[in-house]
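Student: Let me give you the structure first, and then I'll get to my questions.
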Amino acid sequence: MGMFSRINDIVQANINAMLDKAEDPEKIIRLIIQEMEETLVEVRTDAARYIAQQKTLARHIDAAKKEVDGWQHKAQIAMNNDKESLAKAALMEKQKYVVKLTSLEEQEGHLADSIEKIQGDTARLNTKLAEAKAKQKTLVQRKNSAQTRLKVKQADHESKIDDAMTRFENYEQRIDHLEAQVDAYDLTKSSEATSLQAEFDAMQADETIERELAELKKSKVA
Numbered sequence: 020m021g022m023f024s025r026i027n028d029i030v031q032a033n034i035n036a037m038l039d040k041a042e043d044p045e046k047i048i049r050l051i052i053q054e055m056e057e058t059l060v061e062v063r064t065d066a067a068r069y070i071a072q073q074k075t076l077a078r079h080i081d082a083a084k085k086e087v088d089g090w091q092h093k094a095q096i097a098m099n100n101d102k103e104s105l106a107k108a109a110l111m112e113k114q115k116y117v118v119k120l121t122s123l124e125e126q127e128g129h130l131a132d133s134i135e136k137i138q139g140d141t142a143r144l145n146t147k148l149a150e151a152k153a154k155q156k157t158l159v160q161r162k163n164s165a166q167t168r169l170k171v172k173q174a175d176h177e178s179k180i181d182d183a184m185t186r187f188e189n190y191e192q193r194i195d196h197l198e199a200q201v202d203a204y205d206l207t208k209s210s211e212a213t214s215l216q217a218e219f220d221a222m223q224a225d226e227t228i229e230r231e232l233a234e235l236k237k238s239k240v241a
């Protein structure tokens, strides 16, 4: 792809449309910016080369003009001295430099057009690059904002879960307390029943002892 064609494609590209279609807009905008920056480096390199060529052409043109003027002057001197053949030879030599000068000036014109086009394209590329960087900044801000909002939502959700767990634990503690009261009541009731049974058992034991004691007394009397 030619440099100018490549620049035109970049400048004509619809950044918003490319980002809308992309699965990862942030990655795409980075690639777009990278492509533009690399193209700008190439454009500057070409511009430097063209300017160097322009300076070289300017020196060659200046030299060719001097040759044209020099051979014209020599032809005039020869004619002033009635040396027509020498004057003709000088004019023929002059004509060679006229042709060369015309060619050099045409090259200089084309080169000037190319430099002017590069300057215009460089300005357009810089504008497009600024647009892309602004778009990248917006994307980064939107991403950071979304991440912040997500963290807030997650923190709020986690807080609600923690509150729910706390309420559940409190509820469990209340149930534990109720169950402990029931167990304590059963324990107290059981202790009372055991104590009552012990009294009955003691009474029966006393009756048995008294009966046996009476039996012994009877045996002694006999």
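At position 63 of the sequence shown (counting the first as 1) the number is 82 in the numbering used here, and the numbers step up by one without a gap.
The C-beta atom is built at its ideal place from N, Cα and C for all residues, glycine as well.
1. Decide if M20 is buried, meaning its Cβ has at least 16 other Cβ atoms within 10 Å, or exposed.
2. Distance check for D101 and A82, CA to CA, integer angstroms please.
3. Leaving out five residues before and five after K93 in sequence, what residues of the same chain have Cβ atoms less than 7 Å from its Cβ?
4. Determine, using beta carbons only, whether E45 and L158 come nearer to each other than 9 Å.
5. What's the gap between the Cα of S164 and the Cα of K170?
6. Once DSSP output is grouped into helix, strand and coil, what is the label at N163?
7. If we call anything under 9 Å between Cβ atoms a contact, is K113 one with V87?
8. With DSSP as the reference, label K119 as helix, strand or coil.
9. So Q73 and E135 are in contact, right, with Cβ under 8 Å, and what is the actual spacing, rounded?
10. Please state whether the Cβ-Cβ distance between I80 and L123 is less than 9 Å.
11. On the three-state DSSP scale, how would you describe M20?
12. For the alpha helix (DSSP H) that contains N99, what are its first and last residues?
13. Identify which residue in D43, I47, I51 has its Cα closest to the Cα of A149.
14. Tell me the rounded alpha-carbon separation between R49 and G139.
15. Measure the Cβ-Cβ separation of V62 and T141 and say whether it is below 9 Å.
16. Taking the alpha-carbon positions, what's the T64 to N145 distance?
17. Roughly how many angstroms lie between the CA atoms of F23 and A71, to the nearest whole one?
Tutor: Answer, in terms of the structure:
1. Position 1 of the sequence shown, counted from the first residue, corresponds to residue 20. For M20, the predicted model reports a pLDDT of 43, less than 50, meaning its position is unreliable and no value from the coordinates is stated.
2. Within the sequence shown, the letter at position 63 stands for residue 82. Within the sequence shown, the letter at position 82 stands for residue 101. Each residue's alpha carbon lies about 29 Å from the other.
3. Here residue 93 is taken as the residue at index 74 of the sequence shown, counted from 1. Result list for K93: A109, in chain order.
4. The count along the sequence shown starts at 1 and reaches residue 45 at position 26. The count along the sequence shown starts at 1 and reaches residue 158 at position 139. Contact: yes.
5. As a position in the sequence shown, residue 164 is number 145, starting the count at 1. As a position in the sequence shown, residue 170 is number 151, starting the count at 1. So the alpha carbons of these two residues sit roughly 10 Å apart.
6. Taking the first residue of the sequence shown as 1, we reach residue 163 at position 144. N163 falls in the helix class under three-state DSSP.
7. Here the question's residue 113 lines up with position 94 in the sequence shown. Here the question's residue 87 lines up with position 68 in the sequence shown. In contact: K113 and V87 (Cβ atoms closer than 9 Å).
8. Against the sequence shown, residue 119 aligns to sequence position 100. Three-state DSSP puts K119 in a helix.
9. What you label residue 73 is simply residue 54 of the sequence shown in a count that begins at 1. What you label residue 135 is simply residue 116 of the sequence shown in a count that begins at 1. Not quite, the Cβ-Cβ distance comes to about 11 Å (not below 8 Å), so this is no contact.
10. Numbered from 1 along the sequence shown, position 61 holds the residue referred to as residue 80. Numbered from 1 along the sequence shown, position 104 holds the residue referred to as residue 123. Taking 9 Å as the Cβ cut-off, I80 and L123 qualify as a contacting pair.
11. Stepping through the sequence shown from its first residue, residue 20 is reached at position 1. With a pLDDT of only 43 at M20, under the threshold of 50, the placement of this residue in the model should not be trusted; the figure read from the coordinates follows. Three-state result, M20: coil.
12. The residue you call residue 99 lines up with position 80 of the sequence shown. Note, N99: alpha helix (DSSP H), 44-99.
13. The residue labelled residue 149 in the question sits at position 130 within the sequence shown. The shortest Cα separation from A149 among D43, I47, I51 belongs to I51.
14. Walking along the sequence shown from the start, residue 49 turns up at place 30. Walking along the sequence shown from the start, residue 139 turns up at place 120. Rounded to whole angstroms, R49 to G139 spans 24 Å at the Cα level.
15. As a first step, residue 62 must be located in the sequence shown, where it is residue number 43. As a first step, residue 141 must be located in the sequence shown, where it is residue number 122. Cβ atoms of V62 and T141: closer than 9 Å.
16. Against the sequence shown, residue 64 aligns to sequence position 45. Against the sequence shown, residue 145 aligns to sequence position 126. Taking the straight line joining both Cα atoms gives about 15 Å.
17. Residue 23 sits at position 4 when you count from the first residue of the sequence shown. Residue 71 sits at position 52 when you count from the first residue of the sequence shown. Low confidence applies to F23: its pLDDT is 47, below 50, so where it sits in the model is not reliable enough to give any reading.
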